[in-house]
Amino acid sequence: MYESAFGLTEKPFSLTPDPDFLFLSDSHQKALDHLLFGLESGDGFIVVTGDVGVGKTTVCRALLRQLSDRYVTSIVLNPMLTEKELIRGILEDFGAEAKGGTKKDHLDALNRFLLESAETGKRPVLIVDEAQDLTPTLLEQVRLLSNLETEKRKLIQIVLIGQIELKAKLSMHELRQLDQRVTVRAQILPLDRKAMRRYVDHRLSVAGAGGRQLVTDGAEKTLYRCSGGVPRVVNMLCDRAFLSAGLRDAGSIEAQDVRRAAESIFERGWRLRRMLKTFPKAAAALAGLATIARTGRGA
């Protein structure tokens with residue numbers, strides 16, 4: 178709706194992943210390098226964690242584009258499955274036939290596929306997204322898949338990608354065997370302010386901005402304060418802020434546009450945060466109430 182007002186050829190801040198808009202910060206690049214190293218070594222589990230919206234899917238897509246033909250991949254996007262459904266889904270994603278109807282039938286078929294892949298020089302990779310949602314039972318089943326190996330190497334490489342809760346889950350006593358097999362760990366962090374600026378400029382450039390300065394310094398400062406450098410939130414705020422600036426026929430977005438975007442997106446939550454910043458005693462009181470509610474007693 179605002180592309181023509183700013184002379185853009187396409188929407189720069191869509192929430193849908195688009196490889197043309199790929200931007201890797203230092204944190205994203207480091208995570209990608211860890212993934213590539215772990216797959217090349219072919220030993221142990223690889224775990225990548227990060228908070229909501231920091232770009233875990235972006236890194237995963239970048240990884241898939243860089244893998245050579247010798248890798249074959251199976252990607253589990255919805256881990257809310259039974260053990261049997263998980264194994265069958267992995268098989269089907271690898272393009273293997275799941276003969277029989279029992280879990281053992283599926284495991285036997287998977288083992289055959291992995292052995293055949295090893296004989297032809299292929300390296301199967303299982304990527305589990307949203308891995309924090311796997312139950313301990315399913316995580317243990319995934320660990321057992323890593324037992325499939327030849328005398329020289331594992332038959333399957335496993336990558337777990339999840340929110341920061343995945344760290345806590347892997348530290349559970351019943352999952353200590355899996356945790357001990359993790360050889361590569363990486364964490365994706367939010368963008369710092371300089372990286373956020375490069376991120377915004379990159380997306381605008383791809384969308385046809387041609388190097389024009391469409392985000393003022395004040396808007397950038399407010400954008401970082403409101404988003405915390407989380408790319409998904411940056412996209413949401415920028416999309417709404419550009420719409421605001423377009424409606425008032427401005428040549429760039431100002432701090433007021435970002436504030437309006439934040440109020441529109443976060444609504445009462447935004448106003449509450451602003452109130453708590455203005456009245457620190459109220460913030461302390463609410464924190465005390467939260468402690469009482471959580472523990473059942475006063476601080």
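Mapping of the sequence shown onto my numbering: position 198 corresponds to residue 375, and the numbering continues sequentially without gaps.
Glycine included, C-beta positions come from ideal geometry on N, C-alpha and C.
Continuous alpha helix (DSSP H) stretch holding residue i: start and end
i	result
I341	Run containing I341: none; DSSP gives neither H nor E here.
K233	K233 to Q243
L291	K280 to E296
A308	Element bounds for A308: n/a, residue is neither H nor E.
T399	D394 to S404
Y376	R370 to V383
N412	P408 to L424
A208	D203 to S218
L355	R353 to Q357
Spatial neighbours of residue i in its chain, beta-carbon cut-off 6 Å, leaving aside the 5 residues before and after
i	result
T455	At T455, the pLDDT of 48 sits below 50, so the modelled position is not reliable; the number obtained from the coordinates is stated separately. Excluding positions up to five away in sequence, the list is empty.
M452	Caution applies to M452, whose pLDDT of 45 falls short of 50 and renders its modelled position unreliable; the model cannot decide the point.
L185	A384 and G385
S218	none
S191	none
A372	S202
Neighbourhood of residue i by C-beta distance below 8 Å, restricted to the same chain and skipping five residues each side
i	result
D310	P256, M257 and G339
Y376	F200, S202, L368, P408 and V411
L414	L400, C403, S404, V435, A438, A439 and I442
M178	L420 and G423
L355	F222, L316, E317, V319, R320 and L347
V229	Q340, V407 and R409
A418	A396, L400, I430, D434, V435, R437 and A438
D220	R330, K331 and T360
Anticipated Cβ contact below 8 Å, residue i with residue j, distance rounded
i	j	result
A384	K233	That belief does not hold up - the Cβ atoms of A384 and K233 are roughly 23 Å apart, past 8 Å.
H211	A363	4 Å
T327	A295	6 Å
L240	L209	6 Å
L352	P313	6 Å
S204	I365	5 Å
Beta-ladder partner(s) of residue i, from DSSP
i	result
P301	V249
R362	V224
E260	The partner list for E260 (beta bridge, DSSP) is empty, contrary to what the question assumes.
E326	K331
I430	V392
Residue i - containing beta strand (DSSP E), residue span
i	result
I333	That residue, I333, is in no beta strand (DSSP E); it is neither H nor E in DSSP.
Same chain only: Cβ atoms within 7 Å of residue i, ignoring 5 sequence neighbours per side
i	result
A470	Reliability of the predicted coordinates at A470 is poor, the pLDDT of 47 falling under 50, and the value obtained from them is presented with this limitation in mind. Hits under 7 Å: none found.
L381	P189 and L391
N288	L325
K344	T226
E274	A286
K276	D282 and A286
Member of the options whose CA lies at the smallest distance from the CA of residue i
i	options	result
T226	L216, E217 and K207	K207
I264	Y248, V249 and K281	K281
T393	R247, A372, G428 and L287	G428
V361	G387, Q334 and M373	Q334
V336	G406, V319, E274 and T186	V319
A286	L325, T314 and V224	L325
A396	R370, I341, S218 and V231	R370
I252	I341, L303 and D426	L303
R238	V305, E274 and K276	V305
E342	V224, D197 and S245	V224
G215	K331, R425, A372 and D246	K331
D195	H379, G298 and A308	H379
G272	F290, K261 and D197	F290
R389	I430, D270 and G278	I430
K299	T193, L322, E269 and Y248	Y248
R374	R425, K398 and D416	K398
L322	E307, T297, R358 and H350	R358
A308	I267, G278 and L254	L254
D246	S218, P301 and D426	P301
T279	E269, D270 and E262	E262
T235	E260, H350 and T193	T193
K329	I267, H350 and L292	L292
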